[in-house]
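Note that full-length UniProt numbering has the sequence shown beginning at 1, numbered continuously upward.
Here is the structure we will look at.
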Amino acid sequence: MQATLRQQGGAAVLTVPMAILQKMGWEIGNKINLEPQGEQVVLTPVKRKARGRKSIAELLTAIDSKEIANLNASISELTSSKAVGKEVW
Numbered sequence: 001m002q003a004t005l006r007q008q009g010g011a012a013v014l015t016v017p018m019a020i021l022q023k024m025g026w027e028i029g030n031k032i033n034l035e036p037q038g039e040q041v042v043l044t045p046v047k048r049k050a051r052g053r054k055s056i057a058e059l060l061t062a063i064d065s066k067e068i069a070n071l072n073a074s075i076s077e078l079t080s081s082k083a084v085g086k087e088v089w
């Protein structure tokens with residue numbers, strides 16, 4: 001299969017046929033590495049770094065209770081003041 005390089009602004013653009021995208025499992029917006037090897041260019045998808053999954057319990061254990069107490073103290077005037085307009089608490 002052949003494709004043609006074309007110019008778009010200051011870049012050279014190579015259109016990848018949809019059949020190749022589907023065969024490779026690529027989607028629009030995927031990042032692709034281009035690596036020259038002699039007379040060829042090898043295209044490989046950028047591997048996403050796996051992110052760890054944490055449960056809600058694990059996330060909650062990371063909360064500093066002193067920090068929450070300081071935050072509550074710093075906004076206590078806001079939460080205990082009377083409504084001035086049409087606020088609803």
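Glycine is no exception: its CB is placed at the ideal position from the N, C-alpha and C atoms.
For residue i, three-class secondary structure by DSSP
| i | result |
| --- | --- |
| E39 | coil |
| I75 | coil |
| N33 | strand |
| T61 | helix |
| Q2 | coil |
| A11 | strand |
Residues near residue i in its chain [Cβ-Cβ closer than 6 Å; skip 5 each side]
| i | result |
| --- | --- |
| R6 | V13 |
Cβ neighbours of residue i in the same chain (closer than 8 Å, five flanking residues each side left out)
| i | result |
| --- | --- |
| V46 | N30, K31, I32 and N33 |
Item to check | Stretch pair the segment 37-44 + the segment 53-61: three plus CB contacts closer than 8 Å | outcome: Flag = no, the segment 37-44 and the segment 53-61 do not touch.
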